[in-house]
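Engineer:
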Amino acid sequence: MLLRSPASGLAPAPSAEFRLTSNEGGCPLNDMMPPCHLVPDASVPTETSAQPLVVDAKRLSKLLCAGARTVRTWDAAGKLPTPLRIGGRVVWVVAEIRAWLAAGAPNRDQWEARTASRLK
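Residue 81 in the numbering used here sits at position 81 of the sequence shown, and the numbers go up by one each step.
Shown next, in the form of structure tokens:
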């Protein structure tokens with residue numbers, strides 16, 4: 001049996017061992033939601049759900065919806081917060097990038113002035 005999926009057209013039906021039915025008329029519930037033991041618990045951290053502390057230009061570009069070359073250009077122009085250099089790699093602290101965006105993405109000089117005044 002194939003179920004219609006909006007993203008990929010046809011998708012295989014759930015296996016029989018996971019097929020659940022309601023008490024009202026025997027309508028399969030799997031068409032609406034997966035069984036509880038297949039749904040990941042958001043309160044339990046897993047390795048796949050752990051967010052990185054730092055990102056390189058390639059990953060930062062995905063966060064900012066821009067190209068990696070654009071991220072490097074913005075960095076050279078002083079439009080991004082100052083990156084860290086760890087063992088030859090250039091990385092940005094994700095928490096700082098999020099705070100920088102929340103502050104309206106000011107240029108590097110303005111951002112450093114704000115963060116320096118906060119630390120005093």
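The beta-carbon is built from N, C-alpha and C at its ideal position, and this holds for glycine as well.
1) Under 8 Å between the Cβ atoms of L53 and V90?
2) Just to confirm my understanding: we take D158, look at its own chain, exclude 5 residues before and 5 after, and list those with CB closer than 7 Å. What are they?
3) CB-CB under 7 Å to G67, same chain, minus the five flanking residues each way: which ones, in chain order?
4) Using C-beta distances below 6 Å, list every residue in its chain close to V71, excluding the 5 sequence neighbours before and after it, in chain order.
5) Which ranges would you report for the alpha helix (DSSP H) in the region 87 to 114 if only whole runs of at least 4 residues count?
6) Excluding the five sequence neighbours on either side, which residues of its own chain have a C-beta within less than 7 Å of the C-beta of A16, listed in chain order?
7) Per DSSP, R85 is paired with what?
Structural biologist: Quick answer:
1) Taking 8 Å as the cut-off, the Cβ atoms of L53 and V90 do not count as close.
2) Outside the shown range of the chain, which is 1 to 120, sits residue 158, and nothing can be said about it.
3) The residues are S61.
4) Contacts found: A57, L60, S61.
5) If we require 4 residues or more, the alpha helix (DSSP H) runs fully inside the region 87 to 114 come out as 94 to 102.
6) Because the pLDDT of A16 is 48, which lies under 50, any placement of that residue in the model is unreliable, and the number read from its coordinates should be weighed accordingly. Correct list: empty, nothing qualifies.
7) R85 pairs with V90.
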